[in-house]
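Read through the structure below, which is laid out as structure tokens, and then see the notes.
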Amino acid sequence: MDNYPTSWAPRPALVVSAWVVTALLLAGVVTDAVTGDHGGLVLFALATLAVGAFAAHSTLVRPRLAAGPDGLVARTLRGPRRLPWAQTRARLRTTRRLGRDGVTLEIEHDDQLYVFGWLELGEDPRDVLDVLSTLRARS
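Residue 23 in this note's numbering is what sits at position 38 of the sequence shown, and the numbering runs on without skipping anything.
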């Protein structure tokens, strides 16, 4: 079982897809600006900003979570945060929305709570917690 990942980030295909969708939406913004469709321009601009922000965040904040012998490193827009094993608690949270179960990994350190879903981790949070539990036991 020594062949497990020690860092997690959004899947590259998802990030590339987000950039492609951003480019297509930007083309829609330009088209609506040229044709004078102000309603479409606003909608395309808002969608471009939303998808572009997701793509930029997913590109810049990689990996989102990394594990090592000393603890975890959670990367945010403010920079990496080191979370020693002794002061960190990890758990799964399952919520039901729209008839589907959503699982998130919650990592609690001091007064900070980091929440990761499958989009941020690129894997099922249950699998990530299994790896984190194994690494924590070895340290």
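C-beta atoms are modelled at their ideal positions from N, C-alpha and C, and glycine is treated no differently.
Check                                                                                                        : Outcome
Residues bridged to Trp(-7) [DSSP beta-bridge criterion]                                                     : Leu50
Residues sharing a beta bridge with Arg85, DSSP                                                              : Arg82
Inter-stretch contact (C-beta, 8 Å, three-pair minimum) for the segment 103 to 115 and the segment -10 to 10 : yes
Unbroken stretches of the beta strand (DSSP E), 3 residues or longer, contained in the segment 3 to 78       : 50 to 52, 56 to 61 and 64 to 69
Nearest to Arg67 (by Cα), restricted to the options Leu50, Ala75 and Val36                                   : Leu50
Beta-carbon proximity of Thr33 to Leu(-1), cut-off 8 Å                                                       : no
Contact the segment 92 to 109 vs the segment 58 to 72: 3+ CB pairs below 8 Å                                 : yes
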